[in-house]
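Numbering (the working numbering), first residue to last: 584 to 752. By construction, the Cβ of each residue, glycine as well, lies at the ideal position given by its N, Cα and C atoms.
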Amino acid sequence: MKRRLSIGIALVGGSRFVILDEPTAGVDVNSRKEIWTLLQNNKKGRTILLSTHHMDEADILSDRIAILSEGRLISLGSSIFLKNKFGEAFQLFACKKDRSIDYTAIITRITTEATIPIRLHDQTEEELVFSIPITTDSYKLEKFFTAFDSNKEAYRIGEYGISAPTLQE
Numbered sequence: 584m585k586r587r588l589s590i591g592i593a594l595v596g597g598s599r600f601v602i603l604d605e606p607t608a609g610v611d612v613n614s615r616k617e618i619w620t621l622l623q624n625n626k627k628g629r630t631i632l633l634s635t636h637h638m639d640e641a642d643i644l645s646d647r648i649a650i651l652s653e654g655r656l657i658s659l660g661s662s663i664f665l666k667n668k669f670g671e672a673f674q675l676f677a678c679k680k681d682r683s684i685d686y687t688a689i690i691t692r693i694t695t696e697a698t699i700p701i702r703l704h705d706q707t708e709e710e711l712v713f714s715i716p717i718t719t720d721s722y723k724l725e726k727f728f729t730a731f732d733s734n735k736e737a738y739r740i741g742e743y744g745i746s747a748p749t750l751q752e
């Protein structure tokens with residue numbers, strides 16, 4: 584409650600520059616999201632400088648993010664810029680349709696037929712996880728996923744999804 588009150592006081596005065604140190608430290612998830620909403624709704628016409636250890640918070644609230652280590656500036660940029668700079672790969676998660684077969688030949692087929700640099704990152708009983716470099720051209724990605732989707736049955740793949748690197752990674 585004190586944190587929200589402190590943030591409210593900082594914002595109600597109409598100041599154009601607000602400094603917040605760990606504004607959501609020690610608060611529950613619901614309060615954290617309320618604080619995020621409050622900050623997002625009141626950031627127009629203001630510069631809000633905040634420190635946080637929560638990368639998801641920095642990603643959601645910030646237009647620009649500075650990464651500091653031992654008091655030194657490591658990098659500065661938008662969330663997308665930092666993910667592109669430090670993120671290594673997209674992850675493609677593909678559910679196996681038939682757990683009774685050996686997927687070795689299918690994995691080889693997927694990686695050799697691909698029009699992009701793709702490699703098997705992990706394999707479990709239920710799914711295959713592939714890595715796709717984040718620097719892959721978007722046109723080539725679109726072409727790959729069109730072909731991948733068309734060949735799902737041949738690859739013995741059910742549902743699949745892709746995730747982008749996070750700031751935490």
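query	result
Segment contact, 8 Å Cβ cut-off, at least three pairs: the region 724 to 742 with the region 676 to 683	yes
Given 8 Å, three or more beta-carbon pairs between the region 694 to 710 and the region 636 to 645	no
Sub-8 Å separation of residue 672 and residue 716 beta-carbons	yes
C-beta contact flag for residue 630 and residue 618 at 8 Å	no
Residue 642 - DSSP class collapsed to helix/strand/coil	helix
Assumed close pair residue 646, residue 634 - CB separation to whole angstroms, cut-off 8 Å	At roughly 16 Å, the Cβ-Cβ gap does not stay under 8 Å, so residue 646 and residue 634 are not in contact.
Boundaries (first-last residue) of the beta strand (DSSP E) holding residue 588	Premise fails: residue 588 lies in the alpha helix (DSSP H), 585 to 595, not in any beta strand (DSSP E).
Exposure of residue 722, with buried meaning 16 or more beta-carbon neighbours within 10 Å	exposed
Euclidean distance between Cα positions of residue 691 and residue 685	11 Å
Top-ranked residue by Cα proximity to residue 669, from 600, 747 and 603	747
Span of the beta strand (DSSP E) around residue 679	672 to 679
Close Cβ partners of residue 604 (< 6 Å) along its chain, the five nearest in sequence each way excluded	634
Within 8 Å, strictly: CB atoms of residue 599 and residue 628	yes
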